[in-house]
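Protein chains in written order, with our numbering: chain A, 11 to 266; chain B, 570 to 894.
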């Protein structure tokens with residue numbers, strides 16, 4: 011049995027005196043997809059950044075492939091896990107290809123330039139994000155959804171084993187939400203990678219995730235989707251009555 | 570290095586070399602470029618040797634190095650603050666230098682004492698901004714920027730106070746210092762040395778800067794040390810600005826516009842942008858200073874005036890060329 015992609019043990023996360031979670035344990039095994047759900051301000055992004063190693067936990071430990079996160083060199087961590095931030099503003103002009111090539115940073119040594127192989131990886135990543143043919147366009151001329159797809163392509167070019175996504179569906183039209191998440195999830199399943207995503211759409215979580223983390227008032231629940239993504243749990247989480255509707259074997263949650 | 574960057578590199582080197590040739594051959598006594606070269610490397614006409622080696626070369630070196638320092642400092646600060654409007658003076662370094670230099674002038678000092686005052690003021694301002702911006706909280710570009718802007722405003726008031734107290738006879742010298750003037754550079758080779766060392770110190774981190782330019786979270790996710798890299802950028806840009814201001818006074822425009830112009834021409838890859846902006850900034854100030862020496866000869870204009878007069882049309886041309894569909 012291979013080591014879990016990500017393991018959190020006794021994890022405590024707090025931001026500005028506000029407790030996000032305390033003594034949280036969860037393990038992301040190869041092929042698993044986890045959804046982080048919670049109300050606005052519950053600390054979903056803070057938790058995602060903490061497991062990414064971008065901020066320190068207030069207690070507990072995080073392991074990537076069985077190795078403590080804080081003992082790994084930065085560059086090694088950057089080859090293991092990648093993050094799609096919630097939002098990003100582009101201050102400086104750049105082409106789409108340049109933007110995606112930044113994702114190759116942890117794979118290159120200090121004086122190494124991107125080689126033909128890196129450019130091929132970046133082009134493939136753009137194609138996977140349905141942005142093929144835009145390589146030389148200026149990032150500033152793209153729409154919000156197109157920029158989101160470029161950011162996703164940069165993450166794919168990074169080739170991490172653990173994908174951490176902060177609201178991956180934001181700015182994307184329905185077709186691209188489904189196409190890109192389909193592609194990402196099948197990559198995670200076929201190559202035994204891991205995925206953790208902050209998501210607001212409970213039906214996207216139901217469709218793509220087999221595990222969930224629910225954040226509510228400083229208490230975090232971790233478990234399987236069957237156990238946690240139920241109308242009862244989510245009605246309580248959001249304070250909105252939800253009920254399950256089944257059609258053609260798929261289950262959806264709709265507000266009453 | 571990809572071949573696509575070889576052309577702009579060669580063009581910039583050619584422009585810088587041409588600027589040196591023109592600067593060294595023009596003046597009250599015209600000397601043709603071949604004689605300039607002879608005067609530099611071989612014994613020959615004693616008068617020409619003296620003019621080229623002792624008068625024109627130090628001034629040309631000082632102009633080139635100052636322009637390079639300002640452009641490199643601007644390029645680094647724009648990434649550090651992730652603000653396209655950042656220039657070397659936004660963090661109050663030049664304000665401190667101006668207050669220091671003008672205080673020395675007010676006390677009747679001249680020559681290297683004024684330079685020492687400028688460098689001391691720049692250094693004091695850097696330490697002040699660094700200490701205040703660091704505080705106890707986490708690193709934030711906005712906090713650093715605000716601290717710098719406030720400190721710069723404070724120095725502005727000190728400079729205005731000194732100008733209002735100064736006797737009439739000293740005002741002209743003070744104003745020339747504030748506009749930026751290369752007529753009596755106190756140091757030349759040491760400015761060039763600082764420029765070279767700072768560029769060598771920044772280049773190993775150039776690809777990290779590419780990631781940082783995309784945003785701090787993205788850079789951190791890609792393995793960049795976002796806790797320490799900002800302080801390296803801050804230290805380098807403060808040193809470069811302090812040295813530039815000490816050499817030639819507060820020359821404006823170069824630090825803000827040259828990085829932008831180079832970015833418009835060749836893109837934002839810092840591995841190319843940093844050396845290219847350094848060369849372009851040096852060449853621009855050298856050309857501007859050569860024009861400043863010539864245009865109203867025997868009177869000399871402050872180089873800071875000419876940099877803007879030359880730079881504004883060039884920049885508008887680049888901007889329009891890029892903005893056109």
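Each residue gets a CB set at the ideal place from its N, CA and C atoms; glycine is no exception.
{"query": "Three-way DSSP call (helix, strand, coil) for residue 820 of chain B in this model", "result": "coil"}
{"query": "Residue 17 of chain A - DSSP class collapsed to helix/strand/coil", "result": "strand"}
{"query": "8 Å Cβ cutoff met for residue 657 of chain B and residue 668 of chain B", "result": "no"}
{"query": "Test item: CB-CB of residue 20 of chain A and residue 29 of chain A under 8 Å", "result": "no"}
{"query": "N-terminal and C-terminal residue of the beta strand (DSSP E) that residue 208 of chain A is part of", "result": "204-208"}
{"query": "Residues that residue 1 of chain A contacts on chain B, provided the C-beta gap is smaller than 8 Å", "result": "Examination of residue 1 of chain A is not possible in this model, given that chain A is present from 11 through 266 alone."}
{"query": "Those runs of the beta strand (DSSP E) which lie wholly inside the region 20-62 of chain A and span at least 3 residues", "result": "28-38, 43-48"}
{"query": "Residues of its chain near residue 638 of chain B, where Cβ-Cβ distance is below 6 Å and the 5 sequence neighbours each way are ignored", "result": "764, 809, 812, 813"}
{"query": "Entirely enclosed alpha helix (DSSP H) segments - the region 588-660 of chain B, minimum 4 residues", "result": "602-610, 615-619, 626-649"}
{"query": "C-beta neighbour in chain B for residue 92 of chain A, strict 8 Å", "result": "yes"}
{"query": "Ranges of the beta strand (DSSP E) found wholly within the region 134-186 of chain A, counting only runs of at least 3", "result": "172-176"}
{"query": "Partners in chain A for residue 832 of chain B, counting only beta-carbon separations shorter than 8 Å", "result": "102, 103"}
{"query": "Rounded distance between the beta-carbons of residue 117 of chain A and residue 780 of chain B, thought under 8 Å", "result": "Not confirmed; about 12 Å, so no contact."}
{"query": "Proximity below 8 Å, CB of residue 47 of chain A to CB of residue 224 of chain A", "result": "yes"}
{"query": "Limits of the beta strand (DSSP E) - the one that residue 253 of chain A falls within", "result": "252-257"}
{"query": "Per-residue DSSP class, three states only, for residue 94 of chain A", "result": "strand"}
{"query": "Span of the alpha helix (DSSP H) around residue 722 of chain B", "result": "710-734"}
{"query": "Neighbour-count burial assignment, residue 616 of chain B, 16 or more Cβ in a 10 Å radius", "result": "exposed"}
{"query": "Within 8 Å, strictly: CB atoms of residue 635 of chain B and residue 856 of chain B", "result": "no"}
{"query": "Cβ neighbours of residue 788 of chain B in the same chain (closer than 6 Å, five flanking residues each side left out)", "result": "780, 781, 795"}
{"query": "Per-residue contacts from residue 773 of chain B into chain A (C-beta, under 7 Å)", "result": "120"}
{"query": "Near the ligand FAD: residue 634 of chain B beta-carbon under 7 Å from a heavy atom", "result": "The ligand FAD is not part of the structure shown, which contains no ligands of any sort."}
{"query": "Cross-chain neighbours of residue 787 of chain B in chain C, by beta carbon under 7 Å", "result": "Here chain C cannot be found, since the structure's protein chains are A and B."}
{"query": "Residue 893 of chain B versus residue 851 of chain B: straight-line alpha-carbon distance, rounded", "result": "Since pLDDT at residue 893 of chain B reaches only 47, below the 50 mark, its modelled position is unreliable, and the value read off the structure follows with that caveat. Approximately 28 Å between the Cα atoms of the pair."}
{"query": "Short CB-CB distance (under 8 Å) between residue 784 of chain B and chain A", "result": "yes"}
{"query": "Beta carbon proximity, residue 62 of chain A to chain B, threshold 8 Å", "result": "yes"}
{"query": "Cβ neighbour criterion (16 or more within 10 Å) applied to residue 623 of chain B", "result": "exposed"}
{"query": "Of the listed residues B:720, B:683, B:680, nearest to residue 693 of chain B (C-alpha basis)", "result": "B:720"}
{"query": "Nonlocal neighbours in the same chain, by C-beta distance under 6 Å from residue 602 of chain B, ignoring five residues either side", "result": "590, 594"}
{"query": "Range of the contiguous alpha helix (DSSP H) that encloses residue 529 of chain B", "result": "A query on residue 529 of chain B cannot be resolved here, the shown segment of chain B reaching from 570 to 894 and no further."}
{"query": "Near-chain A residues of the region 837-870 of chain B (beta-carbon distance less than 9 Å), N- to C-terminal order", "result": "837, 838, 840"}
{"query": "Residue 680 of chain B to residue 752 of chain B span [Cα, whole Å]", "result": "12 Å"}
{"query": "Pick from A:197, A:185, A:249 that is closest to residue 214 of chain A, judged by C-alpha positions", "result": "A:185"}
{"query": "Alpha carbon of residue 737 of chain B to alpha carbon of residue 666 of chain B, nearest angstrom", "result": "22 Å"}
{"query": "CA nearest to the CA of residue 150 of chain A, picked from A:91, A:16, A:105, A:93", "result": "A:105"}
{"query": "Residue 862 of chain B burial status per 10 Å Cβ neighbour count (16 or more: buried)", "result": "buried"}
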